[in-house]
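Asker: Position one of the sequence shown corresponds to residue 84 (my numbering), numbered consecutively onward.
Even for Gly, the Cβ is constructed at its ideal location relative to N, Cα and C.
Model, not experiment: these values are computed from the prediction.
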Amino acid sequence: MDLAIIKNNNGTLKWIAGSGDATILQYEDSRYVYLIKPDDPEVKQVNVFDVPVKSVTYYHQQTESYTREIKYWIAYTEKEPAPSVVEYIKN
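1. Rank Y115, P124 and Y117 by C-alpha distance to the C-alpha of I153 and give the top, closest one.
2. Less than 8 Å between the C-beta atoms of V136 and V126, yes or no?
3. Pull the bridge partners of S167 from the DSSP assignment, please.
4. Using three-state DSSP, classify V134 as helix, strand or coil.
5. Within 10 angstroms of the Cβ of I119, are there 16 or more other Cβ atoms? Answer buried if so, exposed if not.
What follows is the structure, encoded as structure tokens:
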């Protein structure tokens, strides 16, 4: 799985590292926000710093007959981010 880290630097978003399944945002003098959307459908849980994070499911109706399910995980932390703190759990 890949990871992206983006930081707010004096009002400008600065790319820190990575790409792909997860994005970490940090606003000036605030907590880090992890938005994690793995491509692997076998992922059943995501942990950040060994703590399970909230799963969100969004249903986007693209046409009258087709609704797309979008599942992602979101976490907030005061700790400095690193790709190694995100754990993907499969059944």
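Answerer: On the basis of the supplied data:
1. Mapped onto the sequence shown, residue 153 falls at position 70. Selected option, being the one with the closest Cα: P124.
2. Here the question's residue 136 lines up with position 53 in the sequence shown. Here the question's residue 126 lines up with position 43 in the sequence shown. No, these two residues do not count as a Cβ contact at 8 Å.
3. Taking the first residue of the sequence shown as 1, we reach residue 167 at position 84. Per DSSP, S167 has no beta bridge partner at all.
4. Working through the sequence shown from its first residue, we reach residue 134 at position 51. Looking at V134 - three-state DSSP - the assignment turns out to be strand.
5. Here residue 119 refers to the residue found at position 36 when the sequence shown is read from its first residue. Flag for I119 reads buried.
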